[in-house]
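Right, one structure below, let's go through it.
Numbering (our numbering), first residue to last: 2 to 209.
Here you go:
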């Protein structure tokens with residue numbers, strides 16, 4: 002019996018040692034795994050920090066370059082100094098002011114020209130009416146609308162208006178002219194005008 006107990010005791014000790022060895026090995030393996038995990042985390046953290054620093058430097062460089070570009074473009078667009086403003090915007094403003102001044106000047110010139118044309122038109126209209134009244138006895142008449150009777154009346158009125166400024170026709174000659182006009186108005190009118198020009202009652206310009 003004692004031998005059996007001793008054998009069981011030795012077996013228990015062997016199992017205990019085996020369990021302790023296993024536990025020890027397991028703990029060491031766990032520690033190694035934790036160490037490797039921590040090392041990996043530290044390495045990744047280091048890599049992330051390095052990447053962050055690199056990216057930050059790159060982003061800052063890009064930001065600075067972009068900022069310089071924008072400032073340069075803004076400077077090209079508009080710059081103010083003690084003497085003058087320069088840049089695209091300043092040039093645009095200058096051209097706008099010049100265009101406005103030129104436009105106002107041209108508008109004034111056009112208004113003046115329009116006024117002159119209106120005055121000339123009124124003068125020509127008055128002259129046309131005067132000529133029509135003188136040669137057709139009707140201010141509204143035209144060469145197409147004037148009748149022979151109107152022309153005859155106008156000529157007789159012209160002769161009457163000349164008064165002392167031209168030789169007077171005697172009553173017999175004037176009566177002959179009126180009779181001739183009444184008989185053949187178209188032909189006699191031309192003869193009358195020619196005769197009045199010969200008699201210097203009307204001028205050659207008036208005869209034509």
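Glycine included, each C-beta is placed from N, C-alpha and C at the ideal position. No experiment lies behind these values; they were computed from the predicted model shown.
Along the length of the segment 94-177, whole alpha helix (DSSP H) runs at least 4 residues long occupy 149-163, reported in chain order. Residue 50 sits exposed, since fewer than 16 C-beta atoms from the chains shown fall within 10 Å of its C-beta. Positions of the beta strand (DSSP E) runs, each at least 3 residues long and wholly inside the segment 12-58, cannot be given because no such run exists. Comparing alpha-carbon positions, the option among 122, 111 and 158 lying closest to residue 134 turns out to be 158. Going by C-alpha positions, residue 25 is about 10 Å away from residue 31.
Each residue's CA atom was taken as its position, placing residue 137 and residue 99 some 55 Å apart. Taking the CA atoms as reference points, residue 95 sits about 12 Å from residue 103. Counting of Cβ neighbours within 10 angstroms places residue 156 among the buried residues, the total reaching 16 or more. Taking all protein chains in view, the Cβ of residue 115 is surrounded by fewer than 16 other Cβ atoms within 10 Å, so the residue is classified as exposed.
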